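J.:
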Amino acid sequence: IKPAQQEHNTIVVSKDGEVLSLGRLADANERNFAHIIGSAKNQDSSLSILSTTLYDYVGMEWTRNIFWTSMNGFWVIDDLLAQEDGTYVTKCVWRTLGQVQADDNVIRVTQAKSETETIPYQMFIARGDDAKATVFQQFDYGHEGIFGYYDDYDFATSETNVINQIYNRKLIKGQELSY
């Protein structure tokens, strides 16, 4: 597992130029872990939701809501609530494989379809408000040798797409951002 926050699908927060202290991660205090605040599924398990919250995250409260339906896949909505006044830079990071196409406020990632599927795998990332988005490719060596971590994955090239959505703004306590 890679140790840096930006190596995962996550939210990274900076408040007044300060970022998460790595010492905080070494402290096994419960405030350092996301809490499950709700989960549910319907009777036939074709629909489910999970909500987690990380409190005291560099002046923010971060809630990640994950929705799933058997016919339409996943939706993820990240809500950030300022717990203190300050200048915040927040970055939503998505790391994925496949072909990337950016249109207006939506980024589409497409992977090749398998022999048993009729449509390719797709992921859509919608930008909210005035979030700035960047996309770049990165070669992940991982522990798989010189051909890369994803060399054996049949549905995309081994290059990892890193998609960042960034907000930079002053917030007062109680203001929210969403990705």
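The sequence shown: position 117 = 118 (the numbering used here), numbered continuously.
All C-beta atoms, glycine included, are put in the ideal place defined by N, C-alpha and C.
Source: prediction; values computed, not measured.
Do I126 and A134 have their C-beta atoms closer together than 9 Å?
T.: Cβ atoms of I126 and A134: closer than 9 Å.
J.: Give every residue of the same chain whose Cβ lies closer than 6 Å to the Cβ of G87, excluding the five residues on either side of it in the sequence, and list them in chain order.
T.: Only K16, D17, G60 meet the Cβ criterion.
J.: Would you tell me roughly how many angstroms separate the C-alpha atoms of V20 and V14, rounded to the nearest one?
T.: In a straight line, the C-alpha of V20 is about 6 Å away from that of V14.
J.: Quick one: residues in its chain with C-beta nearer than 7 Å to the C-beta of R109, no 5 flanking neighbours on either side, listed in chain order?
T.: Correct list, in chain order: Q102, Q123, F125.
J.: When DSSP builds the beta bridges, which residues end up paired with M182?
T.: There is no way to answer for residue 182, as the model of the chain reaches only from 2 to 180.
J.: Look up A41 in the DSSP assignment and say whether it is helix, strand or coil.
T.: Note: A41 maps to strand in three-state DSSP.
J.: Secondary structure at F68, three-state DSSP: helix, strand or coil?
T.: Strand.
J.: Hey, quick one: how far does the beta strand (DSSP E) through N169 stretch, first residue to last?
T.: Element bounds for N169: 160-172.
J.: If we ignore side chains and look at the alpha-carbon of each, how far apart do Y58 and S46 end up?
T.: Near 33 Å, if we compare the C-alpha coordinates of S46 and Y58.
J.: Report back the beta-carbon spacing between C93 and D79 to the nearest angstrom; my notes put them in contact at under 8 Å.
T.: Rounded, the Cβ-Cβ distance is 6 Å, consistent with contact.
J.: Can you give me the C-alpha to C-alpha distance between A83 and E177, rounded to a whole angstrom?
T.: Using only the alpha carbons, I get a separation of about 6 Å.
J.: Beta-carbon within less than 8 Å of G39's beta-carbon, same chain only, minus the 5 sequence neighbours each way: which residues are those?
T.: For G39, where only same-chain residues beyond five positions count, the Cβ hits under 8 Å are I50, L51, S52.
J.: Report the start-end ranges of each beta strand (DSSP E) in the region 94-161 that is 3 residues or longer and not cut off at the edges.
T.: Listed in chain order, they are 100-104, 107-112, 122-127, 133-140.
J.: For S49, which residues does DSSP report across the bridge?
T.: In DSSP, S49 forms a bridge with K42, W69.
J.: So what's F34 in DSSP terms, helix, strand or just coil?
T.: Here F34 sits in coil by DSSP.
J.: Measuring alpha carbon to alpha carbon, tell me which residue in E85, Q44, F75, W69 is nearest L172.
T.: When only C-alpha atoms are compared, the closest one is E85.
J.: Starting from the C-beta of L48, find all residues in its chain whose C-beta is less than 6 Å away, skip the five residues before and the five after it, and write them out in chain order.
T.: Cβ within range, chain order: T70.
J.: Do N162 and W76 have their CB atoms nearer than 9 Å?
T.: Against a cut-off of 9 Å, the Cβ pair of W76 and N162 comes out as no contact.
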